[in-house]
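Taking my numbering, the leading residue of the sequence shown gets 9, the next gets one more, and so forth.
Idealized CB from N, CA, C, for every residue including glycine.
The structure appears below as structure tokens.
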Amino acid sequence: MKNKLQKVFVYLIISCVLFFSYDLSFAYAADINVSDSQIETTPLVSTEWLAEHAEDKNLVILEVRSGETSIKFQDEHIPNSVFASSIYFQTNYPDKTNIPYDLPSYEEFESLVSKLGISNDSKVVIVYPGLIPKDIMCATRTYWTFDYFGMTNISILDGGFGKWKREGRPLSNQTKVPDLGNLRVSTIKSEDLANILDVIIAVNNKDYVLLDARMSSEYIGSTKQSFIPEAGHISGSINYFAPLFLNPDLTFKTPKQITYEMALLGITKDKTIITYCNSGQFATTAWFGLKKIAGMQNVSSYDGSVSEWVNKLKLPLEKD
């Protein structure tokens, strides 16, 4: 009980840090205002960078939205951007009943991405709505999928469309119909994806960390999503709500901030880290924050997450 209370206390401290760290974000914003040649290895680009490079050859601005923000895309979006639904790159396979939002096959991915005008030589900047904290999973899930299929010229616009609009930058209501791309997958980064065996090995293993990226109420089992028949968390996991990787302006925290907050929870670079959530969405936000921002190399995301753990495999969850 003492350890559980300590974890809750640390979690509350981190939640407070979220609301008092706004000023610290500006130094990092300068760091990510990089040159065109660096975009391949830079997970984030700033609104300043995108404004300067919006006309670059082979640049694809991909606005990934869901719900009401999808409907509003037609009214206002970044000029020359291409729209994709947040579930565009995800497939529900018939042999995985009640397990939503799976990775597509590489053939499906090639077809989907090519329809958006993306080829192997494209530079893709993924834009999330940036209006509420949960918007971030639109971008990180897309980034994680692209990364898994071996794409390297990908970045996320830090702060998303919301930051772009707040700064008074140009908007458009003209829908762009992209030319057909010809992307071909040559590499699969299997290290991005954790499977069920990986998670079973990680349970209560001191060399691993299972990071539950859901709300604390879902973690302790007081609430659950409708497609999850049982409430609770995977044994031995640590809870850190995915939007806590963001500043109040919905930009990402700095590597130093993330590393510090993870250390408070006992999550360090020497651990093998597996992130999960309900259906593999917020899990990718944690994966992105840990691996792409904080530089923790041994990080993977459990795509099936709790929906597979409970629905398909009938494995137990714990409640606090």
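Spatial neighbours of residue i in its chain, beta-carbon cut-off 6 Å, leaving aside the 5 residues before and after
i    : result
L323 : W317
R149 : Q289 and T292
F81  : R73 and F91
I208 : none
V307 : I281, W295, L298 and K299
V211 : S243 and G244
D187 : G125
K277 : M304
K171 : T55 and G138
S89  : I69 and E71
T153 : F97
Q233 : N286
Y227 : D220, H241 and N247
Nearest-angstrom Cβ-Cβ length linking residue i and residue j, presumed shorter than 8 Å
i    : j    : result
Y96  : A202 : Contact flag wrong, Cβ pair sits at about 23 Å.
I126 : G168 : I126 to G168, Cβ: 19 Å. No contact.
A221 : Y248 : 7 Å
I164 : Y151 : 6 Å
V217 : K279 : 5 Å
S78  : S93  : 6 Å
Counterpart residues of residue i in DSSP-defined beta bridges
i    : result
T280 : Y216
V72  : A92
F260 : L254
Y310 : A202
S163 : V133
L52  : I164
T99  : D110
S180 : H85
H61  : BP columns for H61 are empty, so no partner.
Residue i in three-state terms, based on DSSP
i    : result
V132 : strand
D110 : strand
Y151 : helix
S225 : helix
E175 : coil
S315 : helix
I246 : strand
E326 : strand
L321 : coil
L67  : strand
I275 : coil
Contact check, residue i vs residue j, beta carbons under 9 Å
i    : j    : result
V135 : I69  : yes
P87  : L179 : yes
G75  : L258 : no
I246 : L219 : yes
Y268 : D200 : no
S119 : N66  : no
V53  : D215 : no
N181 : E84  : yes
Close beta carbons around residue i, own chain, < 7 Å, minus the five adjacent residues each side
i    : result
Y109 : I95, Q98, S287, G288 and Q289
F175 : Looking at the sequence itself, residue 175 is Glu, so the reference to Phe does not match. Taken in chain order, the residues that qualify are T55.
D44  : Annotation note: pLDDT 44 at D44 (below 50); position unreliable, coordinate value reported separately. These residues qualify, in order along the chain: H61 and D64.
R177 : T55 and A59
S194 : G158
K173 : L179
Same chain, Cβ closer than 8 Å to residue i, neighbours up to 5 away in sequence not counted
i    : result
G229 : A239, G240, H241, L325, E326, K327 and D328
L32  : Interpretation of L32 is limited by its pLDDT of 33, a score under 50 that renders its predicted location unreliable; the figure taken from the coordinates is listed afterwards. Here the set comprises N255, K261, T262 and Q265.
Y30  : With a pLDDT of 33 at Y30, under the threshold of 50, the modelled position of this residue cannot be trusted, and the question is left open.
N11  : The predicted model places N11 with a pLDDT of 49, which falls under 50 and marks its position as unreliable, so this point remains unresolved.
D206 : I282, S308 and Y310
F253 : I144, F260, K261, I266, T293, A294, F296, G297 and I301
R192 : E118 and N128
Q46  : The pLDDT assigned to Q46 is 42, lower than 50, so where the model puts this residue is not dependable, and the model offers no usable value.
Cβ of residue i within 9 Å of any chain C Cβ
i   : result
F91 : The structure shown contains no chain C; it holds only a single protein chain.
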